[in-house]
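Asker: Mapping the sequence shown onto the working numbering, position 119 (from 1) lands on 112, and the numbers just tick up by one.
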Amino acid sequence: MDVWFMRHAAAQDRAGSGRDEDRELTAEGLSRAEAVARGFAALSPPIEIVLTSPFLRARQTAEACARALRLQVRPLFALLPGSVPSGIADELARGGWRSVLLVGHEPLLGSVVGLFAFGDDRHELPLRKAMVARVTWTPGSAGTLEALLPPELLEKLG
């Protein structure tokens, strides 16, 4: 399975509601998410679906990617902050996809990259905001870290 990971772009420090899940992308974050999505789409990754944390900032980032890739976005509750990496692995193993894009939060995404690439979520690989990683992974085993793409590079590609 080809698993692409993207951390959400820059978000507000605090939502008007005071709830973390309501924090939205800043104007700069939204602009960066759209530019990174265009660059990511230029790579023509064979992604089948975009799965995202239900939190607003991740959904906004995922929607920018889905528009650029002409795909659908589906919420994945296993991507909520505080979830366990193995829960994401279980969801992907059941999903039957060959290639997915996961959009979410740190430190969870970095731990999932560690689990998928090195077989251990304690070997996390933190992602900067709007950064993309790619791991080829077979459920139940360690995979291979194929790429780490900083947002600046993806923006130039777009």
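Note that the Cβ used here is the ideal one computed from N, Cα and C, for glycine as well.
Fair warning: this is a prediction, and the values are worked out from it, not measured in the lab.
Report the three-state DSSP secondary structure of ASP(-5) (helix, strand or coil).
Answerer: Within the sequence shown, the letter at position 2 stands for residue -5. Correct three-state label for ASP(-5): strand.
Asker: Is LEU49 near GLU14, with beta carbons less than 8 Å apart?
Answerer: Working through the sequence shown from its first residue, we reach residue 49 at position 56. Working through the sequence shown from its first residue, we reach residue 14 at position 21. Yes; because the gap between Cβ atoms is below 8 Å, this pair is in contact.
Asker: Between the Cα of ARG91 and those of LEU147, GLY112, PRO68, ARG127, spot the shortest distance and give me the residue it belongs to.
Answerer: The residue you call residue 91 lines up with position 98 of the sequence shown. Answer by Cα proximity: ARG127.
Asker: Could you tell me whether the Cβ atoms of GLN53 and ALA26 are closer together than 8 Å?
Answerer: Sequence index remark: in the sequence shown, residue 53 carries index 60 (1-based). Sequence index remark: in the sequence shown, residue 26 carries index 33 (1-based). Going by C-beta atoms, GLN53 is nearer than 8 Å to ALA26.
Asker: Ends of the beta strand (DSSP E) at LEU94?
Answerer: Translated into positions along the sequence shown, residue 94 becomes position 101. Run containing LEU94: 92 to 97, per the beta strand (DSSP E) assignment.
Asker: Identify whether LEU120 lies in helix, strand or coil by the three-state DSSP scheme.
Answerer: Your numbering for residue 120 matches position 127 in the sequence shown. Here LEU120 sits in coil by DSSP.
Asker: Please report the straight-line C-alpha distance between SER76 and ALA3, rounded to a whole angstrom.
Answerer: By one-based count along the sequence shown, residue 76 stands at place 83. By one-based count along the sequence shown, residue 3 stands at place 10. So the two alpha carbons sit approximately 21 Å from each other.
Asker: Which first and last residues belong to the beta strand (DSSP E) in which ILE42 is found?
Answerer: As a working mapping, residue 42 is identified with position 49 in the sequence shown. Unbroken beta strand (DSSP E) run through ILE42: 42 to 45.
Asker: I'd like the ranges of any alpha helix (DSSP H) spanning at least 4 consecutive residues and lying wholly in the region 9 to 45.
Answerer: List check, alpha helix (DSSP H) in window: 20 to 35.
Asker: Report yes if the C-beta distance between LEU85 and GLY103 is below 8 Å; otherwise report no.
Answerer: Numbered from its first residue, the sequence shown carries residue 85 at position 92. Numbered from its first residue, the sequence shown carries residue 103 at position 110. Going by C-beta atoms, LEU85 is not nearer than 8 Å to GLY103.
Asker: State the beta-bridge partners of THR137 as determined by DSSP.
Answerer: In the sequence shown, residue 137 corresponds to position 144, counting from 1. Per DSSP, THR129.
Asker: So HIS1 packs on ALA51, CB below 8 Å; how close in whole Å?
Answerer: Residue 1 sits at position 8 when you count from the first residue of the sequence shown. Residue 51 sits at position 58 when you count from the first residue of the sequence shown. 5 Å between Cβ atoms; contact.
Asker: Assign ALA61 to one of three DSSP states: helix, strand, or coil.
Answerer: On the sequence shown, residue 61 is found 68 positions in, with the first residue counted as 1. It is helical.
Asker: With DSSP collapsed to three states, give me the class of ARG50.
Answerer: Sequence index remark: in the sequence shown, residue 50 carries index 57 (1-based). Helix.
Asker: Starting from VAL66, trace the beta strand (DSSP E) both ways and give me its first and last residue.
Answerer: Within the sequence shown, numbered from 1, the residue matching residue 66 stands at position 73. Element bounds for VAL66: 66 to 68.
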